Each structure stands twice: as structure tokens, then as C-alpha cells.
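These notes concern the structure reproduced below.
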């Protein structure tokens with residue numbers, strides 16, 4: 002009986018051992034993933050400086066009334082109208098000014114006639130000076146009368162010119178080419194001198210006023226180019242005209258004044274003064290270390306690449322990403338020149354995985370960027 006017991010135990014152990022070997026034989030072995038590799042490449046990459054701001058009129062002229070106490074009889078333009086220099090924008094009642102001008106003209110004619118008569122009398126008096134027929138005091142009176150009459154002519158002419166100017170002031174003219182941006186002129190209104198009637202964006206030109214921090218200000222100089230996009234989708238190209246000499250004490254930012262002109266596009270021509278606009282200044286190109294975008298994976302908010310070790314196992318390496326250009330990413334930490342990293346297939350890997358490299362040697366990333 003005891004012998005049979007030991008035989009049963011031995012058979013059970015043998016069966017158990019055979020079962021364990023089957024499980025070990027059936028345990029899955031993770032296959033090596035086929036990948037391609039590359040090395041980081043030093044390439045020239047554009048440096049941009051982003052800024053926010055708004056569009057504004059390059060220069061906005063305020064057009065006011067010069068005439069005093071006259072009634073507006075015509076208002077000839079509206080907001081948005083393009084006007085030329087010297088174009089009539091509005092007119093005032095001119096009847097009184099014309100009457101005053103005619104009176105001044107008549108006064109000039111009268112003064113000139115009196116002056117001619119006084120000059121003739123003075124000339125006759127001078128001819129009698131040697132004959133003694135007229136005293137010196139009488140002669141002096143005639144000469145003085147002639148000079149006084151001539152002075153009255155000059156005064157009358159000045160009055161005539163002033164009345165001409167007042168008549169001209171009954172027509173409000175555009176001081177420059179541009180676009181009417183505001184209109185307060187109302188038909189029939191009686192306005193005083195200096196009352197604002199219109200506002201004009203000179204030449205129709207706009208500028209972008211970018212707000213830049215003190216730390217960024219030193220990177221910008223007049224002449225630096227920029228690409229600006231407005232809230233309406235219009236794209237503009239610009240160039241820095243000038244930089245404000247002081248910062249706003251509240252926001253601690255300085256205004257950068259950028260001359261702009263529209264770029265072709267579906268929203269071309271939609272840019273307006275007062276619009277919010279975001280732009281990027283082009284600070285030139287600098288050499289930097291880059292990798293293909295496909296070689297970078299994002300996990301839990303961090304960026305990683307996979308370094309391929311000599312034993313064909315990969316190590317997950319955390320990197321810091323900078324600028325992006327086409328299919329290249331700037332890496333500012335984590336990789337070094339010559340490091341062999343996975344180029345394609347990185348999204349399927351984990352730290353320590355075995356890989357099979359399809360390319361015989363790492364392809365230089367710079368070749369891909371050409």
C-alpha cells in the first residue's frame with residue numbers, strides 16, 4: 002500500500018512538470034518592432050517674436066469749420082468715401098460773404114480813384130514849388146494827402162483779400178488724399194469756427210501698433226519685418242517704422258509702430274482701424290538642433306524620443322521642444338549631435354523595447370531637411 006502511494010505521488014509530480022513546460026513554451030515573446038533611425042541635425046531655423054496689438058490710422062486729420070456762424074448748405078461725402086486732396090467735402094451759405102467781397106472790391110476801386118487824384122494834386126504842387134506860387138506848407142499838405150490816399154488803397158486791398166479768404170472758407174476742402182473715417186457735419190447746422198466736421202485717414206494708410214515687453218524690446222529695430230493677421234482674417238506685411246521711446250507705466254509695454262500693406266487673400270481689404278491684430282516679427286535665422294516631428298512622442302504632457310542603444314534596445318529620453326518649421330522640431334535639451342534615435346515607429350515603443358533597425362546606418366536628418 003505504501004509503495005502504491007509513492008508511485009501515485011511520482012506520477013503527479015511528473016504530470017505537473019510536463020504541464021509547466023507547456024506553459025513556458027506557450028509564453029508569448031514580444032517581437033522586435035522594425036524601425037528606421039536618424040540623428041539630430043543642425044539646421045538654420047527662423048526666429049520669430051509674437052506680439053499683439055491693434056490697427057490704427059497712420060495719421061488722422063481732423064477737418065473743422067473755419068467760417069463763423071454760417072449755415073451748412075451741402076454735405077457731399079460720407080464715412081468710408083475715398084477723397085482726393087482739394088475735393089469739396091461740404092459748403093456753407095455764401096451769400097453774405099459774397100456781398101462783403103463785392104463791397105470790399107468797390108472800396109478798393111474808390112480808394113484807388115482817390116489815391117490817383119491825390120497823387121495828381123501832389124505832383125502839381127511840386128511843380129509850383131520853384132515859382133513861389135504856393136507855400137511849402139501847402140505843398141506838404143498835398144504830398145501828405147497823396148501818401149494817405151495810397152495807404153487807404155493798401156488797406157482796402159487787404160480788406161478785399163480778407164473777404165476773399167472768408168468766401169473761400171465757405172467751402173470745406175480735403176487737405177489730403179484719404180478715406181473719411183468720421184462725419185459730424187449735419188445739413189442745415191450753424192457751426193462756429195473750429196467745430197469738427199470730418200475725420201480723414203490720410204492716404205488711407207493704416208499702421209499696426211504692437212505691444213512689446215521691455216525684455217523683448219531690445220530684439221527689435223526699425224526696418225524689422227513682420228506678418229500680421231487681423232481678427233477678420235486679413236493678412237498684412239509690415240515693417241517697423243519707429244519704436245516708442247518710453248513704456249506705458251501701467252502695462253509695462255512699449256508701442257512698436259509698424260507700417261503695413263495688405264497681402265493677397267480671401268480677406269484682403271477687410272482690415273480696418275481699431276481691429277485687433279496678432280503678428281510675428283522676423284528676427285532672422287539661427288542654427289539649431291532639430292529632429293523630425295515623427296520621432297517625437299507626447300506622453301502625459303511631456304515630449305520624448307527613443308535613443309537606439311548598441312544592443313538594439315531603446316531608451317526613452319525626455320526632450321524640450323522649441324520652434325517648429327515644416328516637419329522639423331527644434332530640441333533645446335535632451336539630445337546631442339550624433340545620437341541615434343528612432344525616426345519612424347516611435348509611437349509604438351516603450352522604454353527598453355527591442356527593435357530591429359531597417360536602415361543599415363543612421364540617416365543624417367539634414368538630408369531630409371534639404
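Residue numbers (the working numbering): 2 to 371.
All C-beta atoms, glycine included, are put in the ideal place defined by N, C-alpha and C.
Because the structure is a prediction, the values reported are computed rather than measured.
Q: Please classify residue 351: does DSSP put it in a helix, a strand, or coil?
A: The count along the chain shown starts at 1 and reaches residue 351 at position 350. Residue 351 falls in the coil class under three-state DSSP.
Q.
With the cut-off set at 8 Å, would you say residue 261 and residue 229 are in Cβ contact?
A. Here residue 261 corresponds to residue number 260 of the chain shown, with the count starting at 1. Here residue 229 corresponds to residue number 228 of the chain shown, with the count starting at 1. A contact, by the Cβ cut-off of 8 Å.
Q | Alpha-carbon spacing of residue 168 relative to residue 273, whole angstroms | A | Working through the chain shown from its first residue, we reach residue 168 at position 167. Working through the chain shown from its first residue, we reach residue 273 at position 272. Residue 168 and residue 273: Cα-Cα distance of roughly 36 Å.
Q.
If I measure Cβ to Cβ from residue 351 and keep anything under 6 Å in the same chain, skipping five residues before and after, which residues do I get?
A. Residue mapping note: residue 351 aligns to position 350 of the chain shown, counting from 1. Hits under 6 Å: none found.
Q. Residue 66 and residue 192: beta carbons closer than 8 Å?
A. The residue given as residue 66 occupies position 65 in the chain shown. The residue given as residue 192 occupies position 191 in the chain shown. Result yes, Cβ atoms of residue 66 and residue 192 sit closer than 8 Å.
Q | Residue environment, residue 246, which counts as buried when at least 16 other CB atoms sit within 10 Å | A | Working through the chain shown from its first residue, we reach residue 246 at position 245. So residue 246 counts as exposed.
Q | Identity of the residues DSSP links to residue 52 by a beta bridge | A | What you label residue 52 is simply residue 51 of the chain shown in a count that begins at 1. Bridge partners of residue 52: 280.
Q. Hey, is the region 171-190 in contact with the region 217-231, meaning 3+ C-beta pairs nearer than 8 Å?
A. no
Q | Contact belief for residue 73 with residue 183 at Cβ below 8 Å, rounded distance in angstroms | A | Counted from its first residue, the chain shown places residue 73 at position 72. Counted from its first residue, the chain shown places residue 183 at position 182. With a Cβ gap of about 16 Å, residue 73 and residue 183 do not count as contacting.
Q. Residue 309 and residue 38 look like a contact to me (Cβ under 8 Å); what is the Cβ gap, rounded to whole Å?
A. Translated into positions along the chain shown, residue 309 becomes position 308. Translated into positions along the chain shown, residue 38 becomes position 37. Sure, about 5 Å apart at Cβ, within 8 Å.
Q: Name, in chain order, the residues that DSSP records as bridge partners for residue 304.
A: Locating residue 304 in the chain shown gives position 303, counting from the first residue. For residue 304, which the question treats as bridged, DSSP gives the partners 299 and 320.
**Q.** Collapsed DSSP secondary structure at residue 74 in the structure displayed
**A.** Here residue 74 refers to the residue found at position 73 of the chain shown. Looking at residue 74 - three-state DSSP - the assignment turns out to be strand.
Q: Please go through the same chain and pick out, in chain order, the residues whose beta-carbon is closer than 7 Å to the beta-carbon of residue 160, but skip the five residues on each side of it.
A: Counting from 1 along the chain shown, the entry for residue 160 is found at position 159. Excluding residues within five positions, the ones whose Cβ falls inside 7 Å are 105 and 108.
Q: Return yes when the Cβ of residue 259 is within less than 8 Å of the Cβ of residue 290, no when it is not.
A: Start at 1 with the first residue of the chain shown, and residue 290 comes out as number 289. Start at 1 with the first residue of the chain shown, and residue 259 comes out as number 258. No.
**Q.** First and last residue of the uninterrupted alpha helix (DSSP H) at residue 109
**A.** Looking up residue 109 in the chain shown gives position 108. First-last of the alpha helix (DSSP H) with residue 109: 96-128.
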